[in-house]
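Going left to right, the sequence shown walks through residues 1 to 361 as full-length UniProt numbering numbers them.
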Amino acid sequence: MSIRIEGVNKHFAAFHALQDINLDIADGELVGLLGPSGSGKTTLLRIIAGLEQQDNGRVLFADQDVSAVHVRDRRVGFVFQHYALFRHMSVFENIAFGLRALPRSQRPDEASIRAKVMNLLEMVQLATMAERLPAQLSGGQRQRVALARALAMSPRVLLLDEPFGALDARVRKELRRWLRELHDELHFTSVFVTHDQEEALEVSDRVVVMSQGHIEQVGAPHEVYARPRSRFVFDFLGHSNSLNGVIRDGRLSSGDAWLQVPGLADGEGQVYLRSHELELCSTGNSDAHLPLKVLSVSPVGAEVRLELQPLGFTADPWEVGISHADWEAQDLQRGQTVQVRPRVGHLFVAGETEPRTLRWA
Ligand code: ADP
Ligand code: MG
């Protein structure tokens, strides 16, 4: 079921929580709504669900305007961060609940309910736990029950609001992989809300980056990551190092630090450098002079991450990731002064909305 959101606005009293939202979601797509807390993700999801009414604009499912359709009749499944499972009911009964609550004319018979619930339990890999109470499950298992319960009603659209937000990092990673597999198997249309960049980029077909009630950018994960169209998106999609300065004669300078930016007009500029698009050296070169002091070293994971204090220029601490082999070859110590040489940079120039990509040899 495709979803179209057309010119949707929402106010809470004088507060403009959603500002002219337009979004098309294809049938079978898994779209991630990504943004900081308060950016309007939940409000948009609730409007899609019919739990909240927009001030104006339309919501369409396939080509039907559902703006005036009651939540009960939209055939939408939800999963929220805080599992609203019935505590006194078994896992089985929790999943069967919605089916049993249907009007008699639509309600499946007991054998069909049983078959459907058992099938869902298999799917969420909880077949052996049908008789347990929610309290006897782990957080991750409870969220799988919540998902099975949502799917029991054969929703046309599945809406997930930070469904794994309350779980620990390892379980979260497992569940997001599992959700993606389930989605690929069942092809429902899903909207997945998260404030976690990694989660959104890993799980979604397309990511919708939101900020302060509007959409900043929509695109495939690799596209949004490689070509952020605004500073906000850049900042939000992972740590990057910034150099704020003045461009004169093809060189961007800030205090003692500088970078060659050939061919660029004089003015103010801000360069973003990603932690893995940099190299560490003992000296600068003709392209860059970026002195920093090693603050901390973290050798955990696929690469060694260094936190560096800018020397002679003002910026938040920088982060650089280098391979373990390079790390060992360079023999760097905390407190030591190093230089950074960028390979790729993303330059925002005053007066331009989109960044330019810069490359150095
Ligand atoms: P997110 O899910 O991205 O964290 P929300 O959609 O929950 O953001 O909220 C967006 C903004 O709207 C927030 O500033 C929030 O305080 C406000 N808001 C949300 N719901 C209500 C409400 N029922 N009444 C008043 N303000 C609300
Ligand atoms: Mg929210």
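In this text, a Cβ means the ideal position worked out from N, Cα and C, and glycines have one as well. These numbers come from a predicted model, not from an experiment.
Which residues bound the beta strand (DSSP E) around residue i?
{"i": "residue 257", "result": "257 to 260"}
{"i": "residue 61", "result": "56 to 61"}
{"i": "residue 17", "result": "15 to 25"}
{"i": "residue 269", "result": "267 to 274"}
{"i": "residue 31", "result": "30 to 34"}
{"i": "residue 70", "result": "It is not in any beta strand (DSSP E) - residue 70 carries neither H nor E in the DSSP assignment."}
{"i": "residue 87", "result": "Run containing residue 87: none; DSSP gives neither H nor E here."}
{"i": "residue 164", "result": "Segment: none, residue 164 is in no beta strand (DSSP E) and carries neither H nor E."}
{"i": "residue 189", "result": "189 to 194"}
{"i": "residue 77", "result": "76 to 80"}
{"i": "residue 417", "result": "Shown here, the chain extends from 1 to 361; a query on residue 417 therefore has no answer."}
{"i": "residue 6", "result": "3 to 12"}
Measuring alpha carbon to alpha carbon, tell me which residue in the options is nearest residue i.
{"i": "residue 308", "options": "154, 156, 240, 351", "result": "240"}
{"i": "residue 149", "options": "195, 193, 233, 90", "result": "90"}
{"i": "residue 84", "options": "28, 161, 24", "result": "161"}
{"i": "residue 167", "options": "247, 271, 143", "result": "143"}
{"i": "residue 137", "options": "69, 86, 246", "result": "86"}
{"i": "residue 18", "options": "92, 82, 210", "result": "210"}
{"i": "residue 317", "options": "304, 334, 292", "result": "292"}
{"i": "residue 268", "options": "252, 260, 259", "result": "252"}
{"i": "residue 33", "options": "183, 219, 14, 62", "result": "219"}
{"i": "residue 35", "options": "192, 115, 264, 288", "result": "192"}
{"i": "residue 366", "options": "113, 104, 55, 81", "result": "Lying before the first or after the last residue shown, residue 366 is absent from the chain, which here runs from 1 to 361."}
{"i": "residue 190", "options": "196, 197, 198, 203", "result": "203"}
{"i": "residue 231", "options": "126, 270, 302", "result": "270"}
{"i": "residue 8", "options": "37, 29, 65", "result": "65"}
{"i": "residue 212", "options": "6, 5, 29, 37", "result": "37"}
{"i": "residue 249", "options": "261, 92, 133", "result": "261"}
{"i": "residue 155", "options": "196, 141, 129, 72", "result": "72"}
{"i": "residue 63", "options": "294, 16, 5", "result": "5"}
{"i": "residue 263", "options": "347, 343, 235", "result": "347"}
{"i": "residue 326", "options": "299, 315, 183, 172", "result": "299"}
{"i": "residue 393", "options": "345, 339, 301, 315", "result": "Residue 393 is absent from the structure shown; the chain starts at 1 and stops at 361."}
{"i": "residue 224", "options": "46, 67, 355, 53", "result": "355"}
Anyone know if the C-beta pair for residue i and residue j falls short of 8 Å?
{"i": "residue 257", "j": "residue 243", "result": "yes"}
{"i": "residue 75", "j": "residue 50", "result": "no"}
{"i": "residue 152", "j": "residue 95", "result": "yes"}
{"i": "residue 59", "j": "residue 205", "result": "no"}
{"i": "residue 233", "j": "residue 275", "result": "no"}
{"i": "residue 278", "j": "residue 341", "result": "yes"}
{"i": "residue 27", "j": "residue 1", "result": "yes"}
{"i": "residue 157", "j": "residue 21", "result": "no"}
{"i": "residue 247", "j": "residue 280", "result": "no"}
{"i": "residue 79", "j": "residue 163", "result": "yes"}
{"i": "residue 311", "j": "residue 283", "result": "no"}
{"i": "residue 107", "j": "residue 99", "result": "yes"}
{"i": "residue 294", "j": "residue 333", "result": "yes"}
{"i": "residue 48", "j": "residue 126", "result": "no"}
{"i": "residue 124", "j": "residue 92", "result": "no"}
{"i": "residue 197", "j": "residue 140", "result": "no"}
{"i": "residue 306", "j": "residue 288", "result": "no"}
{"i": "residue 228", "j": "residue 207", "result": "no"}
{"i": "residue 255", "j": "residue 313", "result": "yes"}
Taking 7 Å as the cut-off, is the CB of residue i close to at least one heavy atom of the ligand MG?
{"i": "residue 193", "result": "yes"}
{"i": "residue 199", "result": "no"}
{"i": "residue 293", "result": "no"}
{"i": "residue 277", "result": "no"}
{"i": "residue 319", "result": "no"}
{"i": "residue 52", "result": "no"}
{"i": "residue 162", "result": "yes"}
In the DSSP assignment, find the unbroken alpha helix (DSSP H) run with residue i in it and report its ends.
{"i": "residue 174", "result": "169 to 186"}
{"i": "residue 143", "result": "139 to 152"}
{"i": "residue 389", "result": "Absent from the structure is residue 389, since the part of the chain shown begins at 1 and ends at 361."}
{"i": "residue 119", "result": "110 to 123"}
{"i": "residue 231", "result": "231 to 236"}
{"i": "residue 46", "result": "41 to 49"}
{"i": "residue 197", "result": "197 to 203"}
{"i": "residue 93", "result": "91 to 100"}
{"i": "residue 222", "result": "221 to 226"}
Is residue i near the ligand ADP, going by C-beta to nearest heavy atom under 7 Å?
{"i": "residue 204", "result": "no"}
{"i": "residue 357", "result": "no"}
{"i": "residue 240", "result": "no"}
{"i": "residue 353", "result": "no"}
{"i": "residue 189", "result": "no"}
{"i": "residue 17", "result": "yes"}
{"i": "residue 37", "result": "yes"}
{"i": "residue 12", "result": "yes"}
{"i": "residue 40", "result": "yes"}
{"i": "residue 43", "result": "yes"}
| said: Please give me, in chain order, every unbroken run of the alpha helix (DSSP H) with length at least 4 that falls completely inside the stretch 296 to 347. | reply: 324 to 330
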